[in-house]
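Numbering (our numbering), first residue to last: 111 to 274.
Ideal placement from N, C-alpha and C gives every residue a C-beta, glycine not left out.
Since we're looking at a predicted model, the values are computed, not measured.
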């Protein structure tokens, strides 16, 4: 049953990323719901589940949506590995921490992706790319991270001690 639920969640995330978000946002950039899900899986479930989610979702994102294989896979894996290395020291299970961590991971993903494009010989102006393509996504991914955190973190016993 758990695997069926995981497959359904992956299909829903793919539909959101490939069909729904382009219909809502008519810009050059899109919020990355797949990256947000990978970061939140890493936060809530740990390194092993985060790496599995990063490899599967990065591969699917590259094969079905992207035109450059590895452009999403490698940054997702690096982000999960770095996040899982520092997560146990900084995460306090509050929505604003989830939002901030998702935003920082989005920035890290954008920087890694831009270096990959530059290393492959692509014509990219680093500052403009960050300003026009990464910063708007940081805001929307942070907001999406807070919303998903609120949906996932519904434990009455543990929420009673929190102020926010």
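Taken in chain order, the whole beta strand (DSSP E) runs of length 3 or more contained in the region 160-189 number zero. One thing to note: residue 146 has its Cβ no nearer than 8 Å to the Cβ of residue 187. Here DSSP, grouped into helix, strand and coil, assigns residue 204 to coil. For residue 249, the enclosing alpha helix (DSSP H) stretches over residues 245-262. Following the DSSP letters along the chain, one finds residue 143 inside the alpha helix (DSSP H) bounded by residues 143-155.
Between residue 150 and residue 119, the alpha-carbon positions lie close to 14 Å from each other. Take the alpha-carbon of residue 179 and the one of residue 194: they are about 24 Å apart. Of the candidates 128, 215, 262 and 196, the residue whose Cα lies closest to the Cα of residue 174 is 128. Annotation: residue 161 to residue 254 spans about 21 Å, alpha carbon to alpha carbon. In terms of Cα proximity to residue 123, the closest of 167, 137 and 158 is 167.
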